[in-house]
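So the sequence shown is numbered by our numbering: it starts at 559 and just counts up by one.
For every residue, glycine included, the Cβ atom is placed at its ideal position computed from N, Cα and C.
Remember, it's a predicted structure, so these values are computed and weren't measured experimentally.
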Amino acid sequence: MKVPEQIKSAAKSLIDLYGDAFDYLGKYKGKDAFLFRFPEDANTGFPYIYLFKSDKVTEITGFEALDILDLLVENLDKVRAE
């Protein structure tokens with residue numbers, strides 16, 4: 559799935575530092591969920607998840623992001639977004 563430009567705008571600071579890489583996770587509470595994919599050698603904290611619906615973006619991090627990953631992901635290596 560193609561990453562909406564609104565998400566790329568919301569994640570601009572991460573993209574500038576780490577590059578443009580996202581994983582599509584599926585639907586979460588009726589919204590498309592995308593995970594920002596950090597490079598493998600990056601030392602980072604919590605994941606960043608972006609929820610998208612009707613041209614609106616919600617950024618989620620912290621323990622809530624971990625909960626969403628736990629619900630939506632069986633094997634992250636199998637899912638990639640363009």
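Closer than 7 Å: residue i CB and nearest the ligand MG heavy atom
i	result
P605	This structure lacks the ligand MG, and indeed carries no ligand of any kind.
Start-to-end residues for the alpha helix (DSSP H) that takes in residue i
i	result
K570	K570 to Y576
Three-state secondary structure assigned by DSSP to residue i
i	result
E632	coil
A591	strand
D599	coil
K585	strand
K566	helix
Beta bridge counterpart(s) of residue i as assigned by DSSP
i	result
L609	A591 and T616
F580	F594
Whole-angstrom C-beta distance between residue j and residue i, which should lie under 8 Å
i	j	result
F592	Y608	5 Å
P562	F610	5 Å
Start-to-end residues for the beta strand (DSSP E) that takes in residue i
i	result
D604	Before going further, note that residue 604 is Phe rather than Asp in the sequence given. Element bounds for F604: n/a, residue is neither H nor E.
Buried or exposed (CB count within 10 angstroms, at least 16 for buried), residue i
i	result
D581	buried
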